[in-house]
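K.L.:
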Amino acid sequence: MNKNAWRELGLSDKEYQMIVEQVGREPNLTELNMYSVMWSEHCSYKHSRTSLNLFPTSGPRVIQGPGENAGVVDLGDGWAVVFKIESHNHPSAIEPYQGAATGVGGILRDIFTMGAQPVAFLNSLRFGDLEDPRVRYLFDGAVAGIGGYGNCVGIPTVAGEIYFDPCYSNNPLVNAMCVGVMPKHRLVLGKACGIGNLVVLAGAQTGRDGIHGVTFASEELSNESEEKRPAVQVGDPFLGKLLMDATLEAIEKGLVCGVQDFGGAGLTCALTETAYRAGTGIEVDLDQVPLREQGMKPYEILTSESQERMLMIVDPGKLKELEAVFQRWELSLAVIGKVIEGGKVIARYRKEVVVDVPAESVAGGSPAYEPESREPGYYKILAQHDLSLIPPPDDYGKALQGLLSAPDIASKEWAWRRYDYSVRTSTVQGPGGDAAVVRLRETGKALALAVDGNGTLTYLDPYAGGMMAVAEATRNLCCVGAEPIGITDCLNFGNPEKPEIFWQFKQAVKGMAEACRALDIPVVGGNVSFYNEVEGEAIYPTPVVGAVGLLDNPEKTCNIAFSRVGDLVCLLGASNVSLGGSQYLKTYCHQVAGRLADIDLEFEKKLQVLLRILITEELIVSAHDLSDGGLSVALAESCIAGNSGAEIELNNQVSPILQLFGEGPSRIIISFKPGNKDKVIKLSESSSIPLLFLGEVCGDALIIKSDGDIILKLSLGTMKEAYEEVFSCIMR
Amino acid sequence: MKSKVIVFPGSNCDLDAYHLLKDVLNYRVEYIYFNQKKINNCDLIILPGGFTYGDYLRSGAIARFSPVMDAVIDFAERGGLVLGICNGFQVLTEAGLLPGALYRNNHLHFRCEKIYLRIENNSSPYTMAARKGDILKIPVAHGDGNYYADPRTLEKMERNNQILFRYCDSEGNISNEANPNGSLSNIAGICNKKGNVAGMMPHPERAGETLLGSTDGLVIFRSIFKSLEKGRIER
Amino acid sequence: MKPTARCLAAWKEENSLYYIAKVEVTLKKVVLDPQGVAVENALKVLGYNNASKVRVGKYIELTVEAEDSKTAAIQVEEMSRRLLSNPVIEDFCYTVQEAGG
Amino acid sequence: MKPTARCLAAWKEENSLYYIAKVEVTLKKVVLDPQGVAVENALKVLGYNNASKVRVGKYIELTVEAEDSKTAAIQVEEMSRRLLSNPVIEDFCYTVQEAGG
Ligand SMILES: Nc1ncnc2c1ncn2[C@@H]1O[C@H](COP(=O)(O)OP(=O)(O)O)[C@@H](O)[C@H]1O
Ligand SMILES: [Mg+2]
Chain D
0 MNKNAWRELG LSDKEYQMIV EQVGREPNLT ELNMYSVMWS EHCSYKHSRT SLNLFPTSGP
60 RVIQGPGENA GVVDLGDGWA VVFKIESHNH PSAIEPYQGA ATGVGGILRD IFTMGAQPVA
120 FLNSLRFGDL EDPRVRYLFD GAVAGIGGYG NCVGIPTVAG EIYFDPCYSN NPLVNAMCVG
180 VMPKHRLVLG KACGIGNLVV LAGAQTGRDG IHGVTFASEE LSNESEEKRP AVQVGDPFLG
240 KLLMDATLEA IEKGLVCGVQ DFGGAGLTCA LTETAYRAGT GIEVDLDQVP LREQGMKPYE
300 ILTSESQERM LMIVDPGKLK ELEAVFQRWE LSLAVIGKVI EGGKVIARYR KEVVVDVPAE
360 SVAGGSPAYE PESREPGYYK ILAQHDLSLI PPPDDYGKAL QGLLSAPDIA SKEWAWRRYD
420 YSVRTSTVQG PGGDAAVVRL RETGKALALA VDGNGTLTYL DPYAGGMMAV AEATRNLCCV
480 GAEPIGITDC LNFGNPEKPE IFWQFKQAVK GMAEACRALD IPVVGGNVSF YNEVEGEAIY
540 PTPVVGAVGL LDNPEKTCNI AFSRVGDLVC LLGASNVSLG GSQYLKTYCH QVAGRLADID
600 LEFEKKLQVL LRILITEELI VSAHDLSDGG LSVALAESCI AGNSGAEIEL NNQVSPILQL
660 FGEGPSRIII SFKPGNKDKV IKLSESSSIP LLFLGEVCGD ALIIKSDGDI ILKLSLGTMK
720 EAYEEVFSCI MR
Chain R
0 MKSKVIVFPG SNCDLDAYHL LKDVLNYRVE YIYFNQKKIN NCDLIILPGG FTYGDYLRSG
60 AIARFSPVMD AVIDFAERGG LVLGICNGFQ VLTEAGLLPG ALYRNNHLHF RCEKIYLRIE
120 NNSSPYTMAA RKGDILKIPV AHGDGNYYAD PRTLEKMERN NQILFRYCDS EGNISNEANP
180 NGSLSNIAGI CNKKGNVAGM MPHPERAGET LLGSTDGLVI FRSIFKSLEK GRIER
Chain P
0 MKPTARCLAA WKEENSLYYI AKVEVTLKKV VLDPQGVAVE NALKVLGYNN ASKVRVGKYI
60 ELTVEAEDSK TAAIQVEEMS RRLLSNPVIE DFCYTVQEAG G
Chain U
0 MKPTARCLAA WKEENSLYYI AKVEVTLKKV VLDPQGVAVE NALKVLGYNN ASKVRVGKYI
60 ELTVEAEDSK TAAIQVEEMS RRLLSNPVIE DFCYTVQEAG G
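Chains as they are written, first to last, in numbering that gives the first Met the number 0: chain D, 0 to 731; chain R, 0 to 234; chain P, 0 to 100; chain U, 0 to 100.
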């Protein structure tokens, strides 16, 4: 075969040699196309696999760790939660609506494929500077797309996060997470089990869309064919919902023994992965695949990424019943082949064998690389940035007002009210708080859900940033009283073949893994998105953590609101903060620099435990994690949420600027009624967690005093206006 | 009270309506699928919210031709109670069972939030357990809730007391600010001339439990129950 | 020559043609068109101050098999009235054109 | 007669005309059109078995003020490419026609 053939398909000479060895001959072009997509970074994790091994992936609650479509964690009472996060960054950069919508559809299929009823969506978004009209177009389109798909399938979008920085201008991040629940025994895996079982295709017809990420053998490439293969697919949430309902019914009735959704690499991935996982083979007839277009070549059928398709492995005796289930929604099924012995995937097209390869080789035979890694030059320089030179604001009130209207901090209601967050009548707490709370009618308990990541902090210190992402996501669950039981992660980075980028990646993963161990929380699934760069400019390293917690009683939860006049306001947790990487520095000095406050994971763990006790014992009324903007912003947010003011006295030891705007991990503002004071003090003392009295809930303004003088006074109205109206103005 | 919740392809609030009627209110309720041709033994039909047929082309436009709709129309003509919620309301206007049309929100966005509704008429089976002027806090979640009717139709509706709910603020004032979608004269819910068929954009089934933040939606189902009881006694 | 009932089906089969119908559905003039307003504003932002009276509607294209163009047109008119538009708020217009057998 | 730069604005004002542009935006043929599929199925349910290849797109109508129809057409083409469609998944076509001053 011509050298150019595999090189143009993105395979190295060495990889080609491996393929020849594993197949036992030279592959034909169709087979080579399959290898090319399956051995791509996206599917094979060849640059990240080794690092990901650092994550703790097991634990007493873990039913299924990484390796399947989604992770599964035991909820007790015979129930389990299934969840995963995934990126759809590149499609969203060129067609934000469809890119985001199909991202949501893709992650939805990963969840119901396993037999779980999806109950919630979350998302994590990053865009460039909103001054840029193109960025506004991307932002608006992605938000519309997330809502467009999620609202239509009737699964509430209950939480998320959005940040803005010029580094994401041309490469926005759109990470979508889905969470589902099921009775434990219903779990179905993506396995082609049972020799002689039928391989059945359900859902949309296969078209030429999404045959991408792959370059084609030169003789088949022409302008026309480029035209024919748009890199973005159009989602069909209507069909997606029918497919979800039918698949779940089929699984519940025990009609299928293996299910796999179609994600990246389409049929190729579904066939080879299910066979590989089961140690079986599959024989298919490509002529049986329902096509949307005429004249599709075998490799096109095998690598198309058309949306809304499912693969099911079915006992022939149950086919009729399965057909009846799908017929309820007027969906038809296509039997395209059967499970065979021998571990090979064989495909016929017009009676001829066009593919005959070992499943293990295609799905699991790719090499793992440990790329070179090098500390980037900026790292030490930025860490040494002198933070003592930052001038205090002339007017603390104005400074806080400005921060409240900074897009990173301001209320994201403009976006999340475009998501249906109350459908399924289970959303106890929707977007806007530290974590969402979704009740489980079947068990009387509830899930707490949060997604967190901070590219700025991770850029300044990938190792600490990785730890902080895990700590913050789980801390947010504790702020509603839940016990964290598992996380999923989406690792958004630049080109891993650059040593500086790979260093960021390794450091971040190391930090995340360490935090997971310290906090005793397993990683049960995730996704890696590399090559997030345009013209050599990489995004900030942006690991995003999706965390799931269990709440025994949804009545005993907490939100961020200062809701009762006379309640005491306290700062619970660490006192070390820094202006390094802070929103204050970003907003007022236009700098991303400085050293971050240290994180102590043992301390974090104790804090999280204490917080849960305070909430479940119903000792506190509100809890709010301190993150972007520090204490001042958290206080303002609690005031706004509760529609009350507060009077706060700072301590004299630390400068007001650091106290009000410094940022650091492991800190929470709580409020509680004065009668509970002694109990709260006692519990925090016995956990050795500092508790600092700040003041009380009162009036209709936030008043902050230092040394007896009022240094900040903002009325509720002023704070609300700053916090709530930014996006409607910018996005008009 | 025996209710049926219709399940069209793409309905997604069917289970919420079912849950409220069955688990919260303890009424008898069953699902009816879009391709069933008969509806028997029933006091109330609910057309639930969702995105029937993806809301492709127009909200409710395709569902309106489902086989079950002939039975719904028949039931309505015989005086049966039919309530369309959100997408169900859209299906009813498309089917001509209710006047007017619902189209794109004036700000073009899907909007999910808790809004306030004022009861404009408490003589209908859907509001008789409430007082005129009562204010309900109930969620909306839709992209096409902008109600339109031509001036003559609107005038007739006003005259016949067909407007059940208007969007208002927490004090009950009808204003542009309190209107979440640009709806003509803040209309949130209406009924037909006879009063037995009603449609509303807000979701009373999402406001039935304290844990979820409001129980104001219950009054609508209690009204229906009351009116059926009354009918039974009168008969 | 008129076909007998018996062979009507076969006759139709042989004699029917394909027509391409294009249907434009727009909001009635009296109905405020929020999309049109938004597009007009966006055009202004892009510097097209000379654009006005923007209306956004739907465009539906389909192939109709029919005996002749008149039959095709009648059917398309019917489809437009019954399904493709909502007469309470929308107007439609259409063209029908032979596609070649 | 060509106007001098000084009075170009005034000259344009006097000499510009109104054109009505109609733009049709459709999904590319190779891209799935879920709306088209749904409408086609609905037409079948209504008994129109002779309808096929249904595609649903957008229809935009606007008035453009321009010197001549060529200028108007160039602008409409530009608007269609930049704002009214996304060339990644959509195609467009348009007509421009004089509206009378
Ligand atoms: N960052 C990560 N952390 C943990 N697990 C990961 C990570 N990235 C990928 N995985 C796991 O690797 C497997 C393959 O992922 P992926 O190819 O994204 O799956 P799919 O294509 O089915 O969505 C999954 O089980 C996923 O959970
Ligand atoms: Mg998958």
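Beta carbons are placed, not taken as given, at the ideal position from N, Cα and C, and that holds for glycine.
1. Roughly how far, in whole angstroms, is the beta-carbon of residue 191 of chain D from the beta-carbon of residue 277 of chain D, given that I think they are within contact range, below 8 Å?
2. Looking at the unbroken alpha helix (DSSP H) that takes in residue 587 of chain D, where does it start and where does it end?
3. Evaluate the contact criterion for the stretch 66-76 of chain P versus the stretch 83-97 of chain U: three or more CB pairs, one atom per stretch, below 8 Å.
4. With DSSP as the reference, please indicate the residues paired to residue 661 of chain D in a beta bridge.
5. Give the residues from the stretch 36-68 of chain P that approach chain U closer than 8 Å (Cβ to any Cβ), ordered along the chain.
6. Only counting the same chain, and skipping five residues up and downstream in sequence, which positions put a Cβ closer than 8 Å to that of residue 636 of chain D?
7. Since I believe residue 285 of chain D is in contact with residue 346 of chain D (beta carbons under 8 Å), could you give me their beta-carbon distance rounded to a whole number of angstroms?
8. According to the neighbour-count rule (16 or more other Cβ atoms, all chains shown, within 10 Å of its Cβ), is residue 728 of chain D buried or exposed?
9. If I measure Cβ to Cβ from residue 12 of chain R and keep anything under 6 Å in the same chain, skipping five residues before and after, which residues do I get?
10. Please state the DSSP three-state secondary structure of residue 307 of chain D.
11. By the 10 Å Cβ neighbour count, where 16 or more other Cβ atoms means buried, how is residue 244 of chain D classified, buried or exposed?
12. Using a Cβ-Cβ cutoff of less than 6 Å, which residues in the same chain neighbour residue 73 of chain D once the five nearest sequence positions on both sides are dropped?
13. Are the CB atoms of residue 434 of chain D and residue 475 of chain D within a distance shorter than 7 Å?
14. To the nearest angstrom, how far is the alpha carbon of residue 646 of chain D from that of residue 432 of chain D?
15. Rounded to a whole number of angstroms, what is the C-alpha to C-alpha distance between residue 402 of chain D and residue 52 of chain P?
16. Pairs of beta-carbons, one from the stretch 130-140 of chain R and one from the stretch 86-96 of chain R, closer than 8 Å: are there three or more?
17. Any chance the stretch 54-62 of chain P sits against the stretch 29-37 of chain P, with 3 or more Cβ pairs inside 8 Å?
18. Nearest to residue 369 of chain D by CA position, among D/93, D/690, D/498 and D/643, is which residue?
19. How big is the Cα-Cα spacing for residue 144 of chain U and residue 64 of chain R?
20. With 7 Å set as the bound, which would you pick, yes or no: does the beta-carbon of residue 33 of chain U sit closer than that to a beta-carbon of chain B?
21. Quick one: is residue 178 of chain R near chain D, going by C-beta distance under 7 Å?
22. Could you tell me which residues DSSP pairs with residue 522 of chain D in its beta bridges?
23. Got a sec, what are the start and stop residues for the alpha helix (DSSP H) residue 86 of chain R sits in?
24. Three-state secondary structure (DSSP) at residue 413 of chain D?
25. Can you say whether residue 20 of chain U is buried or exposed, counting buried as having 16 or more other CB atoms within 10 angstroms of its CB?
26. Once you ignore the five residues that flank residue 19 of chain D on each side, which residues in its own chain have a CB closer than 8 Å to its CB?
27. With burial defined as no fewer than 16 other Cβ atoms inside 10 Å of the residue's Cβ, what is the status of residue 71 of chain R: buried or exposed?
28. Counting only C-beta atoms, is residue 225 of chain D closer than 7 Å to chain U at any point?
29. Cutting at 6 Å between CB atoms, please list the residues of its own chain near residue 619 of chain D, excluding the five before and the five after it.
30. Looking at C-alpha atoms only, which residue of D/666, D/17, D/170 and D/129 is the closest neighbour of residue 599 of chain D?
31. Span of the beta strand (DSSP E) holding residue 84 of chain U?
32. Whole angstroms is fine: what's the gap from residue 420 of chain D's alpha carbon to residue 551 of chain D's?
33. Using DSSP's beta-bridge definition, name the partner residues of residue 71 of chain D.
34. Pop quiz: residue 178 of chain D and residue 448 of chain D are said to be a contact at Cβ under 8 Å. What is the actual Cβ separation, rounded to whole angstroms?
35. I'd like to know whether the C-beta atoms of residue 493 of chain D and residue 463 of chain D end up nearer to each other than 7 Å.
36. If we define contact as Cβ-Cβ less than 7 Å, is residue 89 of chain U a contact residue for chain P?
P.N.:
In this structure, then:
1. 5 Å
2. 582-588
3. no
4. According to DSSP, which records beta bridges pairwise, residue 661 of chain D is partnered with nothing at all.
5. 38, 39, 41, 42, 45, 47, 49, 50, 51, 52, 53, 54, 55, 56, 57, 58, 59, 60, 61, 62, 63, 64 and 65
6. 559, 623 and 722
7. 6 Å
8. exposed
9. 47, 48 and 49
10. coil
11. buried
12. 60, 62 and 79
13. yes
14. 22 Å
15. 40 Å
16. no
17. yes
18. D/498
19. Here chain U has residues from 0 to 100 only, and residue 144 of chain U is not among them.
20. The structure shown contains no chain B; its protein chains are D, R, P and U.
21. no
22. D/486
23. 86-93
24. helix
25. buried
26. 25 and 26
27. buried
28. Note that residue 225 of chain D scores 42 on pLDDT, short of 50, meaning its location in the model is unreliable; the coordinates nonetheless yield the value given after this. For residue 225 of chain D, the answer is no, since every Cβ of chain U falls outside 7 Å of its Cβ.
29. 613, 669 and 671
30. D/666
31. That residue, residue 84 of chain U, is in no beta strand (DSSP E); it is neither H nor E in DSSP.
32. 22 Å
33. D/63 and D/81
34. 6 Å
35. no
36. no
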